[in-house]
Each structure stands twice: as C-alpha cells, then as structure tokens.
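Asker: Here it is: the structure, laid out below.
Number of protein chains: 2
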Amino acid sequence: MEEHYADSKAPKPLNLQARATRDDWLDACDGGVTAAQGFKAVGVHAGFRADPHRLDMALVVADEPCACAATFTRNVFCAAPITVSRRHLDDVGYGIARGIVINSGNANAATGSVGLETAERTTEIVGEALGCPPGEVLVASTGVIGQHLDVSPFISAMPQAVADLSCEGGKSAASAIMTTDTVSKEAAVCFAGDDIGYPGVTFTVGGMAKGSGMIMPNMATMISVITTDAPILPDVLHKALVNAVNKSFNKVTVDSDTSTNDCCFLFASGEAAPGALPFALDSSAYARFEAALDAVCQTLARKMAADGEGATRLVTVTVAGAANEEDADRAARAIANSPLVKTAICGHDANWGRIAMAIGKSGAHFAQENAAIDIMGLPVCRDGLTVLFDEEEALKRFENHEIVIDVDLGAGDAQTTVWTCDFTHDYITINGDYRS
Amino acid sequence: MEEHYADSKAPKPLNLQARATRDDWLDACDGGVTAAQGFKAVGVHAGFRADPHRLDMALVVADEPCACAATFTRNVFCAAPITVSRRHLDDVGYGIARGIVINSGNANAATGSVGLETAERTTEIVGEALGCPPGEVLVASTGVIGQHLDVSPFISAMPQAVADLSCEGGKSAASAIMTTDTVSKEAAVCFAGDDIGYPGVTFTVGGMAKGSGMIMPNMATMISVITTDAPILPDVLHKALVNAVNKSFNKVTVDSDTSTNDCCFLFASGEAAPGALPFALDSSAYARFEAALDAVCQTLARKMAADGEGATRLVTVTVAGAANEEDADRAARAIANSPLVKTAICGHDANWGRIAMAIGKSGAHFAQENAAIDIMGLPVCRDGLTVLFDEEEALKRFENHEIVIDVDLGAGDAQTTVWTCDFTHDYITINGDYRS
Numbered sequence: 000m001e002e003h004y005a006d007s008k009a010p011k012p013l014n015l016q017a018r019a020t021r022d023d024w025l026d027a028c029d030g031g032v033t034a035a036q037g038f039k040a041v042g043v044h045a046g047f048r049a050d051p052h053r054l055d056m057a058l059v060v061a062d063e064p065c066a067c068a069a070t071f072t073r074n075v076f077c078a079a080p081i082t083v084s085r086r087h088l089d090d091v092g093y094g095i096a097r098g099i100v101i102n103s104g105n106a107n108a109a110t111g112s113v114g115l116e117t118a119e120r121t122t123e124i125v126g127e128a129l130g131c132p133p134g135e136v137l138v139a140s141t142g143v144i145g146q147h148l149d150v151s152p153f154i155s156a157m158p159q160a161v162a163d164l165s166c167e168g169g170k171s172a173a174s175a176i177m178t179t180d181t182v183s184k185e186a187a188v189c190f191a192g193d194d195i196g197y198p199g200v201t202f203t204v205g206g207m208a209k210g211s212g213m214i215m216p217n218m219a220t221m222i223s224v225i226t227t228d229a230p231i232l233p234d235v236l237h238k239a240l241v242n243a244v245n246k247s248f249n250k251v252t253v254d255s256d257t258s259t260n261d262c263c264f265l266f267a268s269g270e271a272a273p274g275a276l277p278f279a280l281d282s283s284a285y286a287r288f289e290a291a292l293d294a295v296c297q298t299l300a301r302k303m304a305a306d307g308e309g310a311t312r313l314v315t316v317t318v319a320g321a322a323n324e325e326d327a328d329r330a331a332r333a334i335a336n337s338p339l340v341k342t343a344i345c346g347h348d349a350n351w352g353r354i355a356m357a358i359g360k361s362g363a364h365f366a367q368e369n370a371a372i373d374i375m376g377l378p379v380c381r382d383g384l385t386v387l388f389d390e391e392e393a394l395k396r397f398e399n400h401e402i403v404i405d406v407d408l409g410a411g412d413a414q415t416t417v418w419t420c421d422f423t424h425d426y427i428t429i430n431g432d433y434r435s
Numbered sequence: 000m001e002e003h004y005a006d007s008k009a010p011k012p013l014n015l016q017a018r019a020t021r022d023d024w025l026d027a028c029d030g031g032v033t034a035a036q037g038f039k040a041v042g043v044h045a046g047f048r049a050d051p052h053r054l055d056m057a058l059v060v061a062d063e064p065c066a067c068a069a070t071f072t073r074n075v076f077c078a079a080p081i082t083v084s085r086r087h088l089d090d091v092g093y094g095i096a097r098g099i100v101i102n103s104g105n106a107n108a109a110t111g112s113v114g115l116e117t118a119e120r121t122t123e124i125v126g127e128a129l130g131c132p133p134g135e136v137l138v139a140s141t142g143v144i145g146q147h148l149d150v151s152p153f154i155s156a157m158p159q160a161v162a163d164l165s166c167e168g169g170k171s172a173a174s175a176i177m178t179t180d181t182v183s184k185e186a187a188v189c190f191a192g193d194d195i196g197y198p199g200v201t202f203t204v205g206g207m208a209k210g211s212g213m214i215m216p217n218m219a220t221m222i223s224v225i226t227t228d229a230p231i232l233p234d235v236l237h238k239a240l241v242n243a244v245n246k247s248f249n250k251v252t253v254d255s256d257t258s259t260n261d262c263c264f265l266f267a268s269g270e271a272a273p274g275a276l277p278f279a280l281d282s283s284a285y286a287r288f289e290a291a292l293d294a295v296c297q298t299l300a301r302k303m304a305a306d307g308e309g310a311t312r313l314v315t316v317t318v319a320g321a322a323n324e325e326d327a328d329r330a331a332r333a334i335a336n337s338p339l340v341k342t343a344i345c346g347h348d349a350n351w352g353r354i355a356m357a358i359g360k361s362g363a364h365f366a367q368e369n370a371a372i373d374i375m376g377l378p379v380c381r382d383g384l385t386v387l388f389d390e391e392e393a394l395k396r397f398e399n400h401e402i403v404i405d406v407d408l409g410a411g412d413a414q415t416t417v418w419t420c421d422f423t424h425d426y427i428t429i430n431g432d433y434r435s
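Chains as they are written, first to last, in numbering that gives the first Met the number 0: chain G, 0 to 435; chain X, 0 to 435.
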C-alpha cells in the first residue's frame, strides 16, 4: 500500500521562476532618505511623546520644490493627515512639494474636523519655517488613534528642527517615525547614467520606513518616504511609485495597504543631473529607475516584515503555478495571514497541512492532486500528498533568519511573493498591553 | 475647541434590532444528539489515539433509515471522508441514511486515493455491523492531516460499539469527537405540536459539535451532528440546515466553513409522530422547526467560539446599520478576525480604534462620521469620534464571560452577528506545539 508520495519516487522540483536577484548595474549604498542629492532631513524630540529621549518628529525637505508622488490608505477611517496630504497633492497623488513632516506618538485619526484643522495648521507651521506655501508641505502621523493631536510641539520645535536639517539627517528622521518598531529602517541604491543617456551621472534612490506596529492583516501603520535625485516628472513618478508599492509594501500581508495612516511618499529632485531632460516613461533610464525603486521598496518591505511585533523570523511566501496573478496573491496571502502557519513557524514545525488548508480555503483555483510545497527548500508535499522529509534538517533550517515557503499550485504560470513574520508570545504581550 | 464627542452631548443609543431572544414556545432540554426519539449513540476508545482513556470514535445511529441532510466544507483540500459522505448523499447533500461514524486523532486529509478507499471501507464496516448498505452510512474524521488513517481500529471496535449504542450515548459520542476542545458541546430544545397541527406531540431537536481546534480564520475543523424526531423530508431538511448553518456555524469567524474536514449532519427520524404528514415548507410547523434548529445550532456555535484555542472569553460582534447583509457580514468578520481586537480583549483594553480600523478596511460601505461603537454596552464612539467612558466600569465588565461589541455603520438597515474569542498566550502555546 502506498503510504506517501516519496515512497515510490523522488520529489520533483517546484516550477518556480527564478527568484529576483539584484541586477549587477545596481549598487547598494549607505544611508536612507538623504542619500540622494538635494534633500535634507532631521529627527527631533518635539514633545508628542513624554520620554524626552525619544525622537518624535521627522522633517524631510528638498532644497527646492520638486516632483512628488504618494500612495495613501484606502481605509474608510483614514486619518486627518492623509486627507490633508492628499488634498495638497491635488487629489491625484502627485504634484510639486517641498517637504514632509511626520510625527509619532499620535495618529491624528478619528479626530473629525478638529483633526483636519490640526493637520492643515501643521503644514502652515512648516511652510512658515521653510518659507514656502503650506500647499507644498505634506504631513503624516502615526501613534494612538482617537485622541486629538496637540499642535504646539510643532510650533515650539520647528525653528530648531529646520535649522538642524542636514544631508546626514536621514538616520535621525528614520528613528523619529518609529512606534513599536525595534529598529529603524533605511535603504538606498545607486546606478550609473552612462549607458542610459546620462553620461558621468550617478543616480541615487533612498528611503526610510516605519512598519510594524503590526504586520498582521487589518491595520499596519506603514509610513515610508523615498527620495531620488533622478529627473522625473510628477505623473511619471506616481506611476513608478504605484507599481513599486504594489510589489513591495502591499505584499507585506493582506491589507497593510488599508490602515488609517498608511502612506508612501516619493520625491524626485533631479539634482543628480540639473537641467537634464526628465526620464521618459518608455526609456531605458526609466526602466533602471523603476528597478532601483523596486529594490529600495522591497528592502524596506522585508525589513518591515522581519520587524513585525514580536517577530523572530522573516517569512517569505512564494506561490507559483497559479492560474492568474490574483490567485497567486490570494493563496500567498492566505498562507501569510494564517495564525496557524505563523505559530507553526514560531514552534519550528514544518507543518505543511496548515499551508495546504490555507491555500485550499483561499479561493485560488487549483486541484489538490497537483499541489506541491517546499518549506525552507525541503520538499514536504507533492501531488497533494505527504513527502517524508528529514525532520532534523528542518529543525536546523528553522534557525535561519528568513523562513522560505514555496508553493506550486500546478494550475498555471502566475507567481507572486509576499512577506510576513512568525507569530509569537511577544505579539500577544505587545498587543494585549499597548493601546494603539 | 471640541475635544471629544461626549463633551457636548450624551451619546445616542445604537440603532440595533432587538437581540434574538428565545421564543417562549421553545423549551431547552437536556442531552444532545440522542435527545430526539429514534436515535442511539456511543463514544468509545477504538485505538486511533495512543491514550487508552481517550474516546476516539463516535457512532450516531437511527433506529431506521431516515431523512438526512448535510453541509460540507468548500476547501479545495477537502478530506476523504467529506468526499465519501457527499457521495453517499448523492452529491446533493441530502438523502436517506442510517447513521454516521466519526473518528478523532486523524483527519484522513491529503491522503489521496488511499484515503478515499479507507473512508469507503469504513462505511462498509459500519454497514456490516448495523446490517445496512454502506451507502446509508456517513463518515467524518478530525485530527492530524497528511497521515494515512488506519482502518483496523474500526474493525476491532465496531461490534462492541454497536452493542453499546444507547439512548443515553449522546454524551460519550460528544466526548469522542473532541480534539483540542476543552469541553464537549451538546444542546437540545423541544417544542409542542399542539397549535401547529400535531396535537399531543412534543418535537425535539438536539445535537453535538466539536469546534475549536481553531476558531481563527482559515481552518477550524468543525463537525456537528444534529438529530430531530420531527417528520421532515430530506430536501426540506437540507434547506433548513443550510439556512441554520449560515446563521450559526458559518458566523463563527471567517472561513470556518472552508476547512478540510468541516461538516454538519442533520437526521430526522419522524419518531415523535410516526406516520404523521411531514412538515411542509411553508407551514407553521416548519417555521417552528427552523427556529428550534437555529437555537440548537447557535448554542453549539457559541460554545465553539467560547472554546477557541486558548480562549478566555466569548466575543459576540454585532454590526448593524449596514447597507446590506454582505457589508454587515464583512465588517463583523473583519472585527472578529482582527488579532489586534482579540489581543486587546485579552488585555482588557476597550480599544475602539482597533475596531474602527477593522471596519474601515473591511470594504463595507459607510461614512466615518456616521459610525458608532459600543463595547460591553459602553458607548465608546459616536459620529466617528471618541466618547469618553468610565475605564473602571469597562475593566469591571471585562470580567464577564461574554464580551459584546456592537457597531452601527449608519449606512442602512442590515444587521448580523458573528462569534469569536479572545486571543491569548495559550493560543500561541497550543499552536506552536501541536502538529494538527
């Protein structure tokens, strides 16, 4: 009697497309939101938090008004600063802006018309200090919901903060936007313009993010600010940002795109090649910029997932062989959001039954007898049946920082990757305790 | 400056329809799956589990072949016994059956063609022992996934199990189907036939369920067997069951309807009124039966939710004022499945911000400024704004066994209720440990 798949034959490798590898023309570089030319930043303690040692306000400012694009949460309960920033980008998500101010400690969410006035007033305060119209200032907030945001820390802290803006300020800005993040998150890459029509020029894309709070469904407060010194027009910038966000931050489990305060901003100063023609949509220069932006966003997204509340492991879930993109996404998110899968990883249990159930209920189209699963490179399921695997080897691989789950639905050619983290006692402790 | 909603006015009561109260013609009664006339049951240790003190096989048998209806999981990875039981009910979900056998300890899921043979063979073994065709026997399994189910315990235990079938066997049967359930789950009600055309007759509806495993999204293994002595034809029975399940078991958080092994069976012996005309679909008798069935299913569903893994509280989420049924369900499930809401309850934190975010991202249609929320009867949000509440009173109410969350979306008249539990350290311990 056949007991398991592997009794009679060796498991076939999964039909995965090659994992994204960084292109060799792309170089990692130090820094974050001030890595690109034409930007200064600072993080200060303004007074939104009680602890005087904790930074709670970040400013990122371009030397001149420049192209800006943004993506915002679609949560009905969206926060006041989201509404105001959207307004300042003419409700289309792109335009010209000078900078952004972000406070932590209070989300200015569920605060009604008072909250909107506070957010507008905040942009006036920044505009006065920078000498620009408030309409060129964007604003974001993260922290407690349902409490009014006091505007006075902006007033008292702004003059010194503006005076302290610097090209090295990216690091303190990244710290100032943290809430329950355990580490600040920065990333930057650069690429040469030589063979794309900008000889002798090096372009940089860099950014910072706060993630966490919660990398679970529902309500991650995700804020990211990215800058580049490439010359790009606002509408083109917006297109690139939407694409990049869909392949990165929006792949950090379900609905991280829909919390009250989620937002991602991208500024382009053009300072790497002043006076040069902007990147055209179908050019090789734009293609390289897109890839560089993807790299920054995915690096930040992975850092967010790895720093989920209470997390000890980054979990990378790839679903291949799906009938279409939507099915791949649905199945991957079902796995990544399954508390049972996430607790199994916490318990170092290579439990493919829980993965199978998650894809089975996801709504993705496939036949049970065509499904195949690898956990950390170990085949555990083929043709919908158990493959016997080396449990000791599995335990060893669970020591890795990144746990890779690969699924082949055997129903088509679509593939996607999402990122999440394991689910631990610390998650319960943090969230049973912290009023967010 | 207006700080909060309650500064200027007293919070309006929510626009909730009256909570379902038990009709006065309906009486609770003792027992479960053998409360109705014409049924016997037994729970035994057959040997699927190593522990000889743990019951692991349940039989529920009608004295005569009778009407039967069932609902089954829609999970693509459905277990072998699901496929076989569906087949025995002619793939329409209703027919004539004699009884059902359920084992715990092994789910016979992801076991391929071997699993199907095992499930068919099981029905033959039961059929031989009862003296009925295997096609009149249904089968269900719960436990570990991806391991083959040994058929020999069925063979060795069946003669004694059949000999021990009794009208008092409902209790041991309910114990035998438990997995990580901490208590067995039974419920029964009865109603008089006097004013519905069956003078002098008392009809009973009773049942048992196993829930838990996991009351989280994805993959609750839910099995329930319900019996009645009312005279009802199979197709009518099926209609009643589908309706009842949709208002009860399927309301115990998202996707509990789609795990590999979920199933619910309903048998109708007609023994309360032998020879009487069956209940017609539009009759008052049928209406009473429907209400009685709803009561049994909802009682069992609430017991399942309250006994979620690691749970300390039953959480009842009602969303009213929705634009339509679907929106009400979507919003209620978003709340009930939010780990942040569930950990907040574990931490006794009346955190309406997390509830607001859950409904905001649910996709339900509403305007933020019309939303209102009560937690345990305390108004915490009106017009989308914070209502100041007595935190000490809230802490006191968190001591209750049942935590009630009520939401009014202010967008229409549709309302629904779902049940879940809080999210505790024990959940992580159980699931980081138990290979299910």
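Using N, Cα and C, we set each Cβ at its ideal position, and we do this for glycine too. Keep in mind the model is a prediction, meaning the values are calculated, not measured.
Could you tell me which whole beta strand (DSSP E) segments of length 3 or greater appear in the segment 44 to 127 of chain X?
Answerer: You should have 56 to 71 and 93 to 105.
Asker: Can you give the Cα-Cα distance for X/His281 and X/Gln367, rounded to whole angstroms?
Answerer: Looking up residue 281 of chain X in the second sequence gives position 282. Looking up residue 367 of chain X in the second sequence gives position 368. For clarity, residue 281 of chain X is Asp in the given sequence; the question names His instead. One C-alpha to the other measures close to 42 Å.
Asker: Measuring only between beta-carbons, confirm whether G/Ile214 sits less than 8 Å from chain X.
Answerer: Taking the first sequence and counting its residues from 1, the one referred to as residue 214 of chain G is at position 215. No answer about G/Ile214 holds up, because its pLDDT of 44 lies below 50 and its placement is not dependable.
Asker: Would you identify the three-state DSSP class for G/Trp418, choosing helix, strand or coil?
Answerer: As a first step, residue 418 of chain G must be located in the first sequence, where it is residue number 419. The answer is strand: DSSP assigns G/Trp418 an E or B state.
Asker: For X/Thr181, count neighbouring C-beta atoms within 10 Å of its own C-beta (all shown protein chains included) and say buried if the count is 16 or more, exposed if not.
Answerer: By one-based count along the second sequence, residue 181 of chain X stands at place 182. Exposed: under 16 other Cβ atoms inside 10 Å.
Asker: Can you give me the C-alpha to C-alpha distance between G/Leu339 and G/Ala229, rounded to a whole angstrom?
Answerer: Here residue 339 of chain G refers to the residue found at position 340 when the first sequence is read from its first residue. Here residue 229 of chain G refers to the residue found at position 230 when the first sequence is read from its first residue. Their Cα atoms are separated by approximately 44 Å.
Asker: Look at X/Cys296 and X/Ser247 and say whether their C-beta atoms are less than 8 Å apart.
Answerer: Position 297 of the second sequence, counted from the start, is the residue given in the question as residue 296 of chain X. Position 248 of the second sequence, counted from the start, is the residue given in the question as residue 247 of chain X. Closer than 8 Å, so yes.
Asker: For G/Leu384, decide whether its Cβ has a neighbour in chain X, counting only Cβ atoms nearer than 8 Å.
Answerer: For the purposes of this step, residue 384 of chain G is identified with residue 385 of the first sequence, where counting begins at 1. Output row for G/Leu384: interface = yes.
Asker: Can you tell me whether DSSP reads G/Met177 as helix, strand or coil?
Answerer: Start at 1 with the first residue of the first sequence, and residue 177 of chain G comes out as number 178. Looking at G/Met177 - three-state DSSP - the assignment turns out to be coil, as it is neither helix nor strand.
Asker: Whole angstroms are fine: how far does the CA of X/Thr419 sit from the CA of X/Asn336?
Answerer: By one-based count along the second sequence, residue 336 of chain X stands at place 337. By one-based count along the second sequence, residue 419 of chain X stands at place 420. C-alpha separation (whole angstroms): 8 Å.
Asker: Rounded to whole angstroms, what's the CA-CA distance from G/Asn105 to G/Phe71? Just pull it up for me.
Answerer: Here residue 105 of chain G is taken as the residue at index 106 of the first sequence, counted from 1. Here residue 71 of chain G is taken as the residue at index 72 of the first sequence, counted from 1. Roughly 18 Å between the two C-alpha positions.
Asker: Expressed to the nearest angstrom, what Euclidean distance is found between the alpha-carbon atoms of G/Leu384 and G/Leu25?
Answerer: For the purposes of this step, residue 384 of chain G is identified with residue 385 of the first sequence, where counting begins at 1. For the purposes of this step, residue 25 of chain G is identified with residue 26 of the first sequence, where counting begins at 1. Near 42 Å, if we compare the C-alpha coordinates of G/Leu25 and G/Leu384.
Asker: Between the Cα of X/Gly346 and those of X/Asp326, X/Leu394, X/Asn369 and X/Ala355, spot the shortest distance and give me the residue it belongs to.
Answerer: Your numbering for residue 346 of chain X matches position 347 in the second sequence. Measuring from the Cα of X/Gly346, the nearest candidate turns out to be X/Leu394.
Asker: Between X/Val100 and X/Val138, how many whole angstroms is the CB-CB distance? I'm expecting something under 8 Å.
Answerer: In the second sequence, residue 100 of chain X corresponds to position 101, counting from 1. In the second sequence, residue 138 of chain X corresponds to position 139, counting from 1. That pair is a contact at about 5 Å.
Asker: Where does the unbroken alpha helix (DSSP H) through G/Ser155 begin, and where does it stop?
Answerer: Along the first sequence, one-based indexing puts residue 155 of chain G at 156. Element bounds for G/Ser155: Ser151 to Ala162.
Asker: Going by DSSP, what residue range makes up the alpha helix (DSSP H) through X/Cys345?
Answerer: In the second sequence, residue 345 of chain X corresponds to position 346, counting from 1. Its alpha helix (DSSP H) spans residues Pro338 to Cys345.
Asker: Mind listing the chain X neighbours of G/Asn74? Cutoff is C-beta to C-beta under 8 Å, in chain order.
Answerer: By 1-based counting over the first sequence, the position of residue 74 of chain G is 75. Chain X residues near G/Asn74: Met356, Gly359 and Lys360.
Asker: For X/His424, would you say it is in contact with chain G, using Cβ-to-Cβ distances shorter than 8 Å as the test?
Answerer: Start at 1 with the first residue of the second sequence, and residue 424 of chain X comes out as number 425. Yes, X/His424 lies at the interface with chain G (some Cβ there is under 8 Å from its Cβ).
Asker: Going by CA-CA distance only, name the one from X/Tyr93, X/Cys28 and X/Ser103 that's closest to X/Ala49.
Answerer: Within the second sequence, residue 49 of chain X is the residue found at index 50, counting from 1. Answer by Cα proximity: X/Ser103.
Asker: Helix, strand or coil, according to DSSP, for X/Thr423 in the structure here?
Answerer: For the purposes of this step, residue 423 of chain X is identified with residue 424 of the second sequence, where counting begins at 1. X/Thr423: coil per DSSP, three-state reduction.
Asker: Counting only Cβ-Cβ distances shorter than 8 Å, please list the residues of the segment 404 to 424 of chain X near chain G, keeping chain order.
Answerer: Hits within the stretch, in order: Phe422, Thr423 and His424.
Asker: Of all the residues that make up the segment 99 to 113 of chain G, which are near chain X by a beta-carbon distance shorter than 9 Å?
Answerer: Of all residues in the segment 99 to 113 of chain G, Ala106, Ala108, Ala109, Thr110, Gly111, Ser112 and Val113 have a Cβ within less than 9 Å of some Cβ in chain X.
Asker: Under a CB-based cut-off of 8 Å, is X/Ile176 close to chain G?
Answerer: Position 177 of the second sequence, counting from 1, holds the residue named residue 176 of chain X. For X/Ile176, the answer is no, since every Cβ of chain G falls outside 8 Å of its Cβ.
Asker: Below 8 Å on the Cβ atoms is my guess for G/Cys65 versus G/Thr203; work out the distance and round it to an integer in Å.
Answerer: Looking up residue 65 of chain G in the first sequence gives position 66. Looking up residue 203 of chain G in the first sequence gives position 204. Incorrect: roughly 14 Å between the Cβ atoms, too far for contact.
Asker: Can you look up X/Ser223 in the DSSP assignment and give me helix, strand or coil?
Answerer: Taking the second sequence and counting its residues from 1, the one referred to as residue 223 of chain X is at position 224. Residue state, collapsed to three classes: strand.
Asker: Using a Cβ cut-off of 8 Å, pull out every chain X residue sitting near G/Pro519, in sequence order please.
Answerer: Only positions 0 to 435 of chain G appear in this structure, which leaves residue 519 of chain G out of reach.
Asker: Would you say X/Pro338 faces chain G, with C-beta separation under 8 Å as the test?
Answerer: Here residue 338 of chain X corresponds to residue number 339 of the second sequence, with the count starting at 1. So, interface residue.
Asker: Can X/Ala304 be considered in contact with the ligand MN, in the sense that its beta carbon sits closer than 7 Å to one or more heavy atoms?
Answerer: With respect to the ligand MN, the structure offers nothing, as it holds no ligand at all.
Asker: Using a C-beta cutoff of 8 Å, does X/Gln367 count as contacting chain G?
Answerer: For the purposes of this step, residue 367 of chain X is taken as the residue at position 368 of the second sequence. Output row for X/Gln367: interface = yes.
Asker: Using a C-beta to C-beta distance shorter than 7 Å, which residues of chain X count as neighbours of G/Thr259?
Answerer: Stepping through the first sequence from its first residue, residue 259 of chain G is reached at position 260. In chain order: Met356 and Gly359.
Asker: Determine, using beta carbons only, whether G/Gly320 comes closer than 8 Å to chain X.
Answerer: One-based indexing of the first sequence puts residue 320 of chain G at position 321. Cβ-Cβ to chain X under 8 Å: no for G/Gly320.
Asker: When you check each C-beta in the segment 150 to 172 of chain X against every C-beta of chain G, which residues fall closer than 9 Å?
Answerer: Cβ contacts with chain G come from no residue of the segment 150 to 172 of chain X.
Asker: What do you reckon, are the CB atoms on X/Ala438 and X/Leu276 nearer than 8 Å?
Answerer: The structure shown does not extend to residue 438 of chain X, since chain X is modelled only from 0 through 435, so no value can be given for it.
Asker: Tell me the residue span of the alpha helix (DSSP H) that contains X/Ser283.
Answerer: Locating residue 283 of chain X in the second sequence gives position 284, where the first residue counts as 1. Run containing X/Ser283: Ser283 to Ala305, per the alpha helix (DSSP H) assignment.
Asker: If you drop the 5 nearest sequence neighbours on each side, which residues of the same chain put their C-beta closer than 8 Å to that of G/Asp382?
Answerer: Translated into the one-based positions of the first sequence, residue 382 of chain G becomes position 383. These residues qualify, in order along the chain: Tyr4, Glu368, Asn369, Ala370 and Ala371.
Asker: Would G/Trp351 pass as an interface residue toward chain X - the criterion being a Cβ-Cβ separation below 8 Å?
Answerer: Within the first sequence, the letter at position 352 stands for residue 351 of chain G. Yes, contact with chain X.
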